[in-house]
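Asker: One structure, pasted below without further comment.
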Amino acid sequence: MKETLQPGLKVTKRYNVDKEKTIDFMGDELRVYATPMMVMDVERTCLALMDEHAEIGESSVGARVEIDHMGPTLMDMWIEVRAEVVEVKGPKVVFDVEVHDALDQVGKARHIRFMIEKAGQQGRLEKKRAKAKEAGAL
84 MKETLQPGLK
94 VTKRYNVDKE
104 KTIDFMGDEL
114 RVYATPMMVM
124 DVERTCLALM
134 DEHAEIGESS
144 VGARVEIDHM
154 GPTLMDMWIE
164 VRAEVVEVKG
174 PKVVFDVEVH
184 DALDQVGKAR
194 HIRFMIEKAG
204 QQGRLEKKRA
214 KAKEAGAL
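The sequence shown begins at 84 in my numbering and counts up by one.
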């Protein structure tokens with residue numbers, strides 16, 4: 084991880100709330116931005132910032148998301164995810180995040196990610212895959 088990844092860094096990403104990002108269980112007239120999609124957009128935004136400060140062979144994985152979905156965003160609106168690095172402790176990076184649509188703040192989150200070496204992650208996954216096959220889980 085590059086030393087440039089420091090508290091105070093900020094990133095903003097805009098995403099469209101298309102049909103696939105909305106809830107469907109209340110019918111078409113009540114389609115709004117789904118909470119799991121907000122979590123995904125928070126993670127994608129923070130990942131993008133961390134990738135800018137990763138060394139070759141590194142990336143990051145999400146470890147925790149605390150989220151408040153504070154209001155609805157209609158299908159076909161956009162949302163902005165505004166993330167700020169608030170803590171860097173070794174490979175652990177903590178973000179405070181706000182989610183806004185064109186009219187309101189609709190979410191806030193605290194997100195924790197860890198910078199990892201992709202080769203090490205691949206090794207861990209291969210071991211787990213072998214165990215899962217042995218257990219009949221794959």
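Every residue gets a Cβ at the ideal spot worked out from N, C-alpha and C, and that includes glycine.
How close, in whole Å, do the beta carbons of VAL176 and VAL164 come, if the pair is a contact with beta carbons under 8 Å?
Answerer: With 8 Å as the limit, VAL176 and VAL164 do not qualify as a contact, their Cβ atoms being about 16 Å apart.
Asker: If contacts are defined as beta-carbon pairs under 8 Å, then ASP168 and THR128 qualify, I think. What distance do you get, rounded to the angstrom?
Answerer: In the sequence under discussion, the amino acid at residue 168 is Val, which differs from the Asp named in the question. Actually they are not in contact, since the Cβ atoms of VAL168 and THR128 sit about 12 Å apart, beyond 8 Å.
Asker: Between ASN99, VAL122, ASP159, GLY206, which has its C-alpha nearest PHE178's C-alpha?
Answerer: Out of ASN99, VAL122, ASP159, GLY206, VAL122 has the C-alpha closest to the C-alpha of PHE178.
Asker: Round the Cβ separation of MET84 and ALA137 to the nearest angstrom and send it over; I've been treating them as touching at under 8 Å.
Answerer: 6 Å
Asker: If you check the beta carbons only, do TYR116 and TRP161 fall under 8 Å apart?
Answerer: no
Asker: Would you call the CB atoms of GLN188 and MET133 closer than 8 Å?
Answerer: Result no, Cβ atoms of GLN188 and MET133 do not sit closer than 8 Å.
Asker: Within 10 Å of its beta-carbon, does THR87 have 16 or more other beta-carbons around it, so buried, or fewer, so exposed?
Answerer: exposed
Asker: Check ARG127 in the structure and name its three-state DSSP category.
Answerer: helix
Asker: Can you check the segment 147-218 for any alpha helix (DSSP H) of at least 4 residues that lies completely inside it and give the ranges in chain order?
Answerer: 201-217
Asker: My output table needs one value for GLU138: the three-state DSSP class, helix, strand or coil.
Answerer: Under the three-state reduction of DSSP, GLU138 is assigned to coil, being neither helix nor strand.
Asker: With PHE197 and VAL125 assumed to form a contact (beta carbons below 8 Å), what rounded beta-carbon distance in angstroms separates them?
Answerer: Going by Cβ atoms, the distance from PHE197 to VAL125 rounds to 16 Å, so no, they are not a contact pair.
Asker: Which same chain residues, not among the five before or five after LEU221, have their C-beta less than 8 Å away from its C-beta?
Answerer: ARG212, ALA215
Asker: Using a Cβ-Cβ cut-off of 6 Å (strictly less than) and excluding sequence neighbours within five positions of LYS191, which residues of its own chain qualify?
Answerer: For LYS191, the CB contacts under 6 Å within the same chain, skipping 5 residues up- and downstream, are ASP151, GLU181 in chain order.
Asker: I'd like to check one pair, PRO90 with GLU149: are the Cβ atoms closer than 8 Å?
Answerer: No, the pair does not count as a contact, with Cβ atoms beyond the cut-off.
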